[in-house]
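In the numbering used here, the protein residues as written are 88 to 346.
Quick reminder that beta carbons are idealized off the backbone N, C-alpha and C, glycines included.
Heads up, the thing below is written out as structure tokens.
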């Protein structure tokens, strides 16, 4: 079981509980407005109701209640005349929230099946469910990082002549990924919810990815000017934004890296 319930599953359960409570209130109101003239009909309706009601998060106790009330007649009753009484039979529903059923549903929603080929003892360590789950989550983190390298937007098809160079290329990818992760971590250290970055469309970035940071520098252009004496002068076509300067300063750099 996961210690944290997925937010989407949690919201779905809350909606189901709210909807179920509303339906049960409607059932209560319906049967209180429609009494029966004989007990047999009421008992039959009660049996049918018990078969149809299958609430997940509530306990429902239903019973037939006998009531005696003045019989309704047209017009105004005459003075001094005792009203004629009648007996009617109501279906009374007592609805109570089932906390145990709710907790079980939440636990079930937090549960998932993890099938693995890892033996009970692996690399000299006993692998119980918690250890396997920890290893599995760590693998997901690695896969998410490698997704960056698998993206054709960043890494196109590369061909090498020798198999040995494939291994070398793999090490280069790992090195690039390590630099990428260190870069991302360094930037996140000085980006806080109180002082976020401003992303595309004015979106606030409190934990920016490396890709989002690179996008902030996507349109930084360097202009090359050839001077009369043959020297090349480099300059930016426009000033850096405050967020761009902030990132460079946090990394111990300034705009001189471009010029």
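What is the DSSP secondary structure of residue i, reduced to helix, strand or coil?
i: residue 322; result: strand
i: residue 55; result: Because the chain is modelled from 88 through 346, residue 55 falls outside the range shown and cannot be assessed.
i: residue 224; result: helix
i: residue 174; result: strand
i: residue 68; result: Nothing about residue 68 can be reported from this structure: the residues present for the chain run from 88 to 346 only.
i: residue 169; result: coil
i: residue 292; result: strand
i: residue 256; result: helix
i: residue 269; result: helix
i: residue 274; result: helix
i: residue 105; result: helix
i: residue 100; result: helix
i: residue 111; result: helix
i: residue 327; result: coil
i: residue 312; result: strand
i: residue 128; result: helix
i: residue 344; result: helix
i: residue 305; result: coil
i: residue 262; result: helix
Which value, in whole angstroms, describes the spacing of the CA atoms of residue i and residue j?
i: residue 360; j: residue 247; result: The structure shown does not extend to residue 360, since the chain spans only 88 to 346, so no value can be given for it.
i: residue 277; j: residue 341; result: 16 Å
i: residue 269; j: residue 332; result: 19 Å
i: residue 233; j: residue 94; result: 26 Å
i: residue 112; j: residue 100; result: 18 Å
i: residue 204; j: residue 219; result: 10 Å
i: residue 143; j: residue 337; result: 53 Å
i: residue 323; j: residue 293; result: 28 Å
i: residue 334; j: residue 274; result: 7 Å
i: residue 330; j: residue 282; result: 10 Å
i: residue 117; j: residue 110; result: 10 Å
i: residue 137; j: residue 107; result: 15 Å
i: residue 265; j: residue 230; result: 14 Å
i: residue 314; j: residue 308; result: 19 Å
i: residue 272; j: residue 147; result: 54 Å
i: residue 288; j: residue 296; result: 16 Å
i: residue 306; j: residue 291; result: 19 Å
i: residue 249; j: residue 259; result: 16 Å
i: residue 253; j: residue 208; result: 33 Å
i: residue 132; j: residue 103; result: 26 Å
i: residue 303; j: residue 267; result: 15 Å
i: residue 328; j: residue 343; result: 15 Å
i: residue 161; j: residue 141; result: 41 Å
i: residue 98; j: residue 199; result: 18 Å
i: residue 298; j: residue 285; result: 14 Å
Which one or two residues does DSSP pair with residue i in a beta bridge?
i: residue 213; result: 208
i: residue 146; result: 183
i: residue 157; result: 172
i: residue 284; result: 292
i: residue 279; result: 282
i: residue 152; result: 177
Just checking my contact of residue i with residue j at CB under 8 Å: how many whole Å lie between their CB atoms?
i: residue 172; j: residue 159; result: Not confirmed; about 11 Å, so no contact.
i: residue 185; j: residue 145; result: 6 Å
i: residue 345; j: residue 321; result: 7 Å
i: residue 196; j: residue 96; result: 4 Å
i: residue 149; j: residue 178; result: 6 Å
i: residue 311; j: residue 300; result: Not confirmed; about 25 Å, so no contact.
CB of residue i to nearest heavy atom of the ligand MN: below 6 Å?
i: residue 193; result: Ligands in the displayed structure: none, and consequently the ligand MN is not present.
For chain B, find out if any of its Cβ atoms is closer than 7 Å to the Cβ of residue i; answer yes or no.
i: residue 101; result: Absent from the structure is chain B; it holds one protein chain and no more.
Discussion item. Using 8 Å as the cut-off, can you tell me whether the region 113-132 makes contact with the region 208-225, which would need three or more C-beta pairs spanning the two stretches below that distance?
Written reply: No: the two stretches stay apart, fewer than three of their Cβ pairs being nearer than 8 Å.
Practice prompt. Give a yes or no on contact between the region 173-186 and the region 149-156, applying the rule of three or more CB pairs nearer than 8 Å.
Written response: The answer is yes - the region 149-156 touches the region 173-186, with three or more Cβ pairs under 8 Å.
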